[in-house]
Structure formats: structure tokens, C-alpha cells
Amino acid sequence: MRPAGDPAEIPDLAPLIDHAQLQPRLGAETVERCCKEALHHGFAGVCLASRWMPQARRWLGERGPVKLISVVGFPFGASDSSIKRAEAEWAVEAGADELDLVPDFALLLDGELTALHDQIAQLVELSVPLKLILEADQLTANQLETLVEVSLDAGVAFLKTGSGYGAPASPQLVQRLHQLAAGRARVKASGGIRSLEQAIELVQAGAERLGTSRGLELVAAQRG
């Protein structure tokens, strides 16, 4: 069912969707189908584990409007900066257009902010847009503000609400991140986006990307 309201005020969701396939049990057939779905519907991107970059690059074809996105350090961020750098470099060489990074939250909790900044900045240096996965629902207000500021200083392109392993993204969180970013980065909402109404609320709150495995359902609900 389409949401009520002026259709002119309801954004077209397809160009905002990062079509995510990040579950552990995933084979080539599913990933290829995901890429073809993204091309067919005009999604913003396809978000996958780094190991799928070479195959997905072939399935998506030459670099075009549908971006190939690799997660790095997913899902918990509990790997050394050198490992994250190596994964990110490999992903970019294999065809990734963008990176979604889970940072080492221990560095944040232990106050090692210079090391945290450097971990993020060395991926920014790879010259593809970097989204920083915040796991915002698991942080205190002060921790979130600190992580956002470090991320912005390092040069991230997007603040991403979470990995999908926590609470669903909320319009209130998106608004807060939009305020904290203050025009220095964009906001990606990710996690638990299951209904058309929810997706539209997130976009109206300031999200410029939506990370979801339910992109087909959202587009069908809007266009149907």
C-alpha cells in the first residue's frame, strides 16, 4: 500500500537504495541475481563482502550509475588497521567503487582517537567514497559525537547508522547525524528498513542512501 500524502513530496527510492547482500550463507547465484536486480531497478549500489568484488564487477559491467560497494572490517570492526587497509586496497583493485567501513570501536572506547582517525583516514586515501558504520544505537551520546567528529576530520563521505546487527535505523537518529555532520558528510540509514513508510520517513529525515536487503519490496510497494 502506498503511503498517503502528496506524491510530489514522496521521493523515488530506487536511486537511493544500496542493495545489500551481507548474510553469511551466500552463493554466486544470489550475488549475480542481486547485481542484475540493481541494474534493472536503477539502485544506487550493491553492497557486498569484499570477496565478491571481482565477480560482482563483471556482473555489473563497466563502472556506471550502480556503484559496487565493499564492506571492510564487517561486521564488528575487530581487526587491526593494517588488515582493514589490505582488505580495502584489495577491494578497490578488484573493482569496488565505494567502501563501507566498520571501525575498531575499542580505539574509541579506550580513547585512542589518533589511532582511530588514522585507521579511517588511510582508507579515505584510497580515493573512493568511504562510509563510516557507526553502530550508533550502541554508543552513548558523547561516544557518538566523538566518533562522528573523528570521522569527519578523517574525510568520510557518509555517516552510516549501523551494520544491521543492532536496532533499526530511526528518523530521529538520521536527523541527529544530519545535524552532527553539518554539511560535511551525507547520511546513510541502514538496518531494519522493511516498509515503504519507514524508508520514506528516513529519507525525509535526511538520509541520502538506504542500506537494505528489501529493496525489491520497497520499490514494488512504491511503484505498484
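Taken in order, the sequence shown gives residues 43 to 266; the numbers are from the numbering used here. In this text, a Cβ means the ideal position worked out from N, Cα and C, and glycines have one as well. Quick caveat, the model's predicted, so the values are computed rather than measured.
Residue state for Phe116 is assigned as coil, using DSSP reduced to three classes. CA-to-CA, the gap between Gly87 and Ser237 works out to about 19 Å. Cβ-Cβ separation between Gly206 and His61: approximately 13 Å, too far for a contact (criterion under 8 Å).
With a cutoff of 9 Å on beta-carbon distance, Leu201 and Leu168 are scored as not near each other. With a contact defined as Cβ atoms closer than 8 Å, Ala231 and Leu260 miss out at about 12 Å.
Residue range Arg228 to Ser232 is occupied by the beta strand (DSSP E) that includes Ser232.
For Glu140, the enclosing beta strand (DSSP E) has its first and last residue at Glu140 to Leu143. Taking each of Val190, Phe85 and Asp160 in turn and checking the Cα distance to Ala224, the smallest one comes out for Val190. In the three-state scheme derived from DSSP, where H, G and I count as helix and E and B as strand, Asp179 is classed as helix. Rounded to whole angstroms, the gap between the alpha carbons of Gly119 and Leu64 is 15 Å. Phe200: member of the beta strand (DSSP E) spanning Phe200 to Lys202, first to last residue. The beta carbon of Glu187 is closer than 8 Å to those of Leu222 in its chain, skipping five residues each way along the sequence.
Ile162 sits away from Val134, with the two beta carbons spaced by 9 Å or more. The three-state reading of DSSP puts Ile59 in strand, counting E and B together. Scanning its chain for C-beta atoms nearer than 7 Å, with the 5 sequence neighbours on each side dropped, one finds around Ser255 the residues Ala62 and Gln63, in chain order.
DSSP places Arg75 in the helix class (H, G or I) of the three-state scheme.
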